[in-house]
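Under numbering that gives the first Met the number 0, think of the first position of the sequence shown as 0, with each following residue one higher. Where a beta carbon is used, it is the ideal one built from N, C-alpha and C, also for glycine. Shown next, in structure tokens, is the structure this report addresses.
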Amino acid sequence: MAAQPQTLAVPDFHARDVDFGLDAERVTDWAGDPWRTLFFNTLSITFPAGERFFINSVAQHREQITDPQLRAHVNAFVSQEALHTREHIAYNEAIGRVLDTAPLEAGLARFLDFIKRSTSPQIRLAVTCALEHFTAIMAKDTLERPEHLRGAEPQYARLWTWHALEECEHKAVSFDVYQRVTDGRANWLRMFVMIPTSLILFFYLAKFAHALMRAQGHARSPVAWAKLLWAAYGSPGLMRRIIPSYLKYFNPRFHPNDIDDHAVLANTKRLVDAWI
């Protein structure tokens, strides 16, 4: 039986306009660990083009949403993602101290433009649901496990904490929009789309990591690659830790709110709102 659209089980949320003033001098090692830093820097390169795609995929369905709470959440989602885009553009400009990320970002943007031209709005929304699931489960683990940002420069730690908080807050928006516009009858497509989306995501993460490694003189070092992979999959191992939550997406009855993050969100909201 297809999962039906669910009542949103999260409180209303809003965009927080924060300027982090990142220090470009520390961009290659803001976490006290160059490999953990490189992992997060790789993620940052994906965000400007990716979040513009998310905004477009969700916002084009805004007029179809009649539920006032979900419509308000769509508006908040768009505002949050727009501010994330702005701050990651600044972040990637800081990375420009060692690597001009513009060609990498442009290449990803061209690919996403191809997806927009060649697929239906429903498929684009399913892609957004898949990628929002990735960001939400990575965000939750980042907030729950201090080792991910331990020793980080305050500006970078704050940016990633702020971003993770808002990704968790709006984690169900694209999913609920998808359920509403498909009447809950296309979960097979939602689950199937996750597979190619995952492969494409990991292709671009590997490509961007290689570019950063090359710029820093490590691309031909097996030891350097082992350290990067250990940071991602060993310790602190963000990519390893999200595997159980990732697999939950393939349950036809899955909903993002099934993954409980209320406690960590309450604590993080108090912290982040104190910065504003």
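Check	Outcome
Check this for me: beta carbons of Asp32 and Gly150, under 8 angstroms apart or not?	yes
Measuring straight from C-alpha to C-alpha, what distance separates Ala163 and Ser117?	31 angstroms
Count the other C-beta atoms from every protein chain shown that fall within 10 angstroms of the C-beta of Gln3, then say buried if there are 16 or more, exposed otherwise.	Interpretation of Gln3 is limited by its pLDDT of 42, a score under 50 that renders its predicted location unreliable; the figure taken from the coordinates is listed afterwards. The residue in question, Gln3, is exposed, as its Cβ has fewer than 16 Cβ neighbours within 10 Å.
With a threshold of 7 angstroms on Cβ separation, who are the neighbours of Lys268 within its own chain once the five nearest residues in sequence on each side are excluded?	Leu164
By the 10 Å Cβ neighbour count, where 16 or more other Cβ atoms means buried, how is His13 classified, buried or exposed?	exposed
Using the C-alpha atoms, what's the distance from Val126 back to Val192?	6 angstroms
Within 8 angstroms, do at least three Cβ pairs link the region 104 to 117 to the region 171 to 179?	no
Measuring alpha carbon to alpha carbon, tell me which residue in His132, Trp159 and Leu228 is nearest Thr141.	Trp159
Does the distance from the CB of Pro153 to the CB of Asn91 come in under 8 angstroms?	no
Going by other Cβ atoms of all chains shown within 10 Å of its Cβ, with 16 needed for buried, is Phe202 buried or exposed?	exposed
Which residue from Ala223, Ala208 and Trp187 puts its Cα closest to that of Pro251?	Trp187
Tell me which residue opens and which closes the alpha helix (DSSP H) that Lys286 is part of.	Residue 286 is absent from the model: the chain starts at 0 and stops at 275.
Please name the residue, chosen from Ala138, Leu124 and Phe110, that lies closest to His60 on a Cα-to-Cα basis.	Leu124
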